[in-house]
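>
In UniProt numbering, the protein residues as written are 1 to 1101.
Following this line, the structure appears as structure tokens:
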């Protein structure tokens, strides 16, 4: 806890009163130094006084702090002009000062007492930082938020004001907290012999700082005033230039009409159009000829024929209402105006009937120059802008008599809002407020600006400026006042940087003085502490030795020390235990060496000799041969030093690393070998191939890379389990290894794939010999747990350097050749050929095109009829997928279907086929009652997909199709790979209403077991068994057997690929139910294949 007990020379109430007075006086003086446009001081001493008071007097000092803060803000609002929102706002700021002081005390006392903090450099820094920058976040946040809420600080000033408030309070604490504590000597024990060293340098630094802050404030105010004067003079000059341009437009119009002695409509519009386009404030330009009373009728008739059909001469009163023409010696009716659209209401108006206009016109006649009216609301004005009209009479220069030379007048109307806004936009000065007003003997008339700005008094302290302006015979005034935002935007950051840096330097000086002055006290404390430590050193040494012995026992670490010159050795107890001896046993160093294996003993002796020559260190592993454990390994760490008067001393430690070395060896094995087959793994193998490439290049040798893939291994894994599969792989690896030479290298690539490297091949054919041996060695069945398993292998061969000179490329090309071997019928080998690369690239292009085919709507369903074998009637159709690629052209299904299945694209494509076919079947239902059966092929991958049945139900519901008239054709391979829930899945399809057909029967397993177990209703004889009917005896036997089997099982049979009458006759004679093939019709798009359900009644063939 902080000992908050100040000296008791004076009563507590008097001390707290002194705190309040000090806070208030220094606070007012600080705010007097606040530099515009800020509302807070860059250095605020009361913040340091508040923290010091709470440290000394505890929470009893809070009322004094609140009173001092409250008084500071009230006085400042009267003397500096700060609008703090009255008593409430001053109270909030005072409350924030109290909360900040409490937070500072809590943060400081969490770590140490004030005496402890003052006694060390780290403590001083912690005291100042916690009491200053950290705690001062509180009042800055509370008070600035209050000022914003009461409108004293604008939104764009919040960040700056908050940062300035925080910096002022922080610097106040950093400077004045140590100063106050030093002056009052709190705590007394911390200031013995160091008070004067801190107080007087700080007081002098503060005096210099106050003078500097005052001078920087003056400089900043002068700089801001100079910037303002420069900007407003430029703005006023721009406004004068704009108004002069308007008079130039009037003068040019006057000169032209005077020279022409009048103007017609087209000439006038062309004359003034450029001026109107250039100056948005130029609201109207007009021409009014002089008309005498006796000429009114004739003039009116002329104007109605040439100006406007409803032309008439009229006048308006002061309120803007029309009135009858007053008798006069002449009239000036406005005849031509531009732009006409917004000024049509003044056509025919005689301005002499309107007093302000009459006054200006009479003065123009007298002065023979432009004269403006006082500010008026223009007759055409639709908004709230004020305007003026500038008149200029036009005379006949050939007549000298002024009374007779007048022929008319021209005028311009100005919207002052548009004029001034245009000037402000052009200047870019958005934070200067302009007030423009007209003044004569009768008073002031506003032209532009906020309401009442022409009568408002200018403050001496504000950024304000005013200048007179003579315009067209009128005396105007321009007044410009800066907004608070202007001052913020023109803030002098260099001055503010100086205001922050200088107090910070003073605070650093205070911290430095505190740290250096406490150095003696800290040294004395350290001396006392060291003395106590030395008293305990003996006991600690003994305890350390015991702890070391225990640690060595736990770590299985023994140590020894050898005096080379005296040949004396000291063994630790743990070292003796490691050697199988009792602690304290006697053992010479030579006997110790005899316990090591001969090779390692020699290595250790060499290292000991090197360490004897010069101080050094060494590490090595040595194997023990003491008869207890021949595999035990010790890791030796040796180091030597030369001791004065004693010669060389060699110290060593021995740690039993037997288990660690075994683990490292096992990790190395796992990193390079396959734990199942004990063959090298792919990473190890490919590094060896890369090394072989360099060797073969150097010696101009030939070698081969073989890529092996087991055929139908997945079937074994799925049916018998992974345990059987793993054991099968181990046997296969052993057999393959048996046909290789010692220099060849076989590795497991992963899964059921192997790779082999055959080195130093004299001929390419030698690789084929080895590949043939590999296929032959696997022909003999493999017996595993009463299972007799047969596997075969497909092998791809790539040769160096014929096929490639890079290891990775060789592996890729061998992989391509392996796939070619699989396509050729499996259980064979293939050498790599260049066309395989072309085939792979074609497959890649096809895969890429397939991914975009659905998006581009390139797929189409064709329909091939199925006819009754009994009467030739069409009983259904099979939906067949066709692809017209925009890149590859027409692609046969036999090419793109395998690619789609290999890439997984068969799932979205299959879904599209189902959706399209279901929609077609639904259209049949809408067209008639008796719809033909529609057969749809289902891929094996699609059938095995987990959500296949649910997706079928969703598509059925979406299309409104009838499942009773839909047949799903599933291949034998799909049924064999369908998983354990396949029977349940087929039953669900039957319950939905689908007919299930077994596609391509006879090409796969053709198991009678699944024919009996699965709910299949139709068998489809593959076209390969129909093609050679009735001439091929084997095909005849297969067809007869299939028809007989289906008949016995109660199934229908569909024969595919019927193309001749002989085939048709043969099959129908033996009871084949449904026929399909080119004999009855080729697959066609829906629009060609049928016109509606009535096709079912047609005869085919």
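Using N, Cα and C, we set each Cβ at its ideal position, and we do this for glycine too.
Using DSSP bridges, identify the partner residues of residue 400.
According to DSSP, which records beta bridges pairwise, residue 400 is partnered with nothing at all.
> If distances are taken between C-alpha atoms only, which option among 881, 643, 632 comes closest to residue 614?
Ranking 881, 643, 632 by Cα distance to residue 614 puts 643 first.
> Once you ignore the five residues that flank residue 891 on each side, which residues in its own chain have a CB closer than 6 Å to its CB?
For residue 891, where only same-chain residues beyond five positions count, the Cβ hits under 6 Å are 883, 885.
> Using the DSSP secondary-structure output, state which residues sit across from residue 371 in a beta bridge.
DSSP, once it has assigned bridges, lists 391 as partnering residue 371.
> Going by C-alpha to C-alpha distance, which of 650, 223, 61 sits closest to residue 14?
Among 650, 223, 61, the Cα nearest to that of residue 14 belongs to 61.
> Excluding sequence positions up to five away, which residues of its chain have a Cβ less than 6 Å from the Cβ of residue 110?
Around residue 110: no qualifying Cβ.
> Let's see if you can read the secondary structure: which residues bound the alpha helix (DSSP H) around residue 672?
658-672 is the span of the alpha helix (DSSP H), which, as asked, contains residue 672.
> Along the chain, where does the alpha helix (DSSP H) containing residue 274 start, and where does it finish?
Element bounds for residue 274: 265-278.
> Is residue 918 buried or exposed, if buried means 16 or more other CB atoms sit within 10 Å of its CB?
By the 10 Å Cβ count, residue 918 comes out buried.
> So, with DSSP's three-state summary, where would you put residue 313?
Reduced to three states, the DSSP call for residue 313 is coil.
> Taking the C-alpha atoms as reference points, what is the distance between residue 47 and residue 151?
Each residue's alpha carbon lies about 24 Å from the other.
> Which one of 715, 708, 809, 760 has the shortest CA to CA distance from residue 772?
Considering only alpha carbons, the answer is 708.
> By how many angstroms is the C-alpha of residue 825 removed from the C-alpha of residue 710?
Approximately 13 Å between the Cα atoms of the pair.
> Please list the segments of the beta strand (DSSP E) lying wholly inside the segment 611-645, counting only runs of 3 or more residues, in order along the chain.
For the segment 611-645, whole beta strand (DSSP E) runs of length 3 or above, ordered along the chain, are 617-623, 633-643.
> For residue 690, which residues in the same chain have their Cβ closer than 8 Å to its Cβ, ignoring the five residues on either side in sequence?
Cβ neighbours of residue 690 beyond the five flanking positions: 807.
> For a test of the three-state rule: what should DSSP assign to residue 442, helix, strand or coil?
Reduced to three states, the DSSP call for residue 442 is coil.
> Using DSSP with H/G/I as helix, E/B as strand and the rest coil, what is residue 5?
Here the model assigns residue 5 a pLDDT of 44, short of 50, so the residue's position is not dependable, and the following value carries that caveat. Three-state result, residue 5: coil.
> Between which two residues does the beta strand (DSSP E) harbouring residue 707 extend?
703-711 is the extent of the beta strand (DSSP E) around residue 707.
> Counting beta carbon pairs with one atom in the segment 853-863 and one in the segment 732-742, are three or more of them shorter than 8 Å?
The segment 732-742, when compared against the segment 853-863, does not touch it at the 8 Å Cβ threshold.
> If residue 986 and residue 996 are in contact, beta carbons under 8 Å, what's the gap, nearest whole angstrom?
That belief holds up - the Cβ atoms of residue 986 and residue 996 are roughly 6 Å apart, short of 8 Å.
> Of the choices 560, 564, 566, 766, whose alpha-carbon is the least far from that of residue 577?
Residue 560 is the option with its Cα nearest to residue 577.
> Give me, in chain order, the residues of the same chain whose beta-carbon lies closer than 6 Å to that of residue 1028; leave out the 5 immediate sequence neighbours on both sides.
Only 1035 meet the Cβ criterion.
> Which of the three DSSP states, helix, strand or coil, is assigned to residue 122?
Of the three classes helix, strand and coil, the one that applies to residue 122 here is helix, per DSSP.
> If distances are taken between C-alpha atoms only, which option among 322, 312, 320, 352 comes closest to residue 330?
Closest by alpha carbon: 352.
> Can you name, in chain order, every residue of its own chain whose Cβ lies under 8 Å from the Cβ of residue 83, other than the five neighbours on each side?
Note that residue 83 scores 49 on pLDDT, short of 50, meaning its location in the model is unreliable; the coordinates nonetheless yield the value given after this. Correct list, in chain order: 77, 150, 151, 152.
> Assuming residue 713 and residue 752 form a contact by the criterion Cβ under 8 Å, report the distance between their Cβ atoms to the nearest whole angstrom.
Confirmed, about 4 Å.
> Spell out the partners DSSP gives residue 164 in its beta bridges.
Residue 164 is not bridged to any residue.
> Output needed for residue 744: all residues of its chain with C-beta closer than 7 Å, excluding positions within five of it in sequence on either side, in chain order.
Counting only Cβ-Cβ distances below 7 Å, and skipping sequence neighbours, we find 756, 757, 758, 759.
> Determine the closest residue to residue 1151 out of 250, 933, 1014, with distance taken between C-alpha atoms.
Beyond the ends of the chain as shown, which are 1 and 1101, falls residue 1151; an answer cannot be given.
> What ranges does the alpha helix (DSSP H) occupy inside the segment 925-961, keeping only unbroken runs of at least 4 residues that lie completely in it?
Here the runs fully enclosed are 940-944, 948-959.
> Report buried or exposed for residue 132, applying the criterion of at least 16 other Cβ atoms within 10 angstroms of its Cβ.
Residue 132 should be labelled buried.
> Between 183, 906, 171, 927, which has its C-alpha nearest residue 939's C-alpha?
Ranking the options by Cα distance to residue 939, first place goes to 906.
> On the criterion of 16 or more Cβ atoms from any shown chain inside 10 Å, does residue 88 qualify as buried, or is it exposed?
That one is exposed.
> If you count every other CB in all the chains shown that lies within 10 Å of the CB of residue 769, and 16 or more means buried, which is it?
Exposed, because fewer than 16 other Cβ atoms sit within 10 Å of the Cβ of residue 769.
> For residue 135, count neighbouring Cβ atoms within 10 angstroms of its own Cβ and tell me buried if that reaches 16, exposed if not.
Per the 10 Å Cβ criterion, buried.
> Note down, one range per segment and in chain order, each alpha helix (DSSP H) of at least 4 residues found wholly within the segment 989-1042.
Whole alpha helix (DSSP H) segments, 4+ residues: 1008-1013, 1023-1026.
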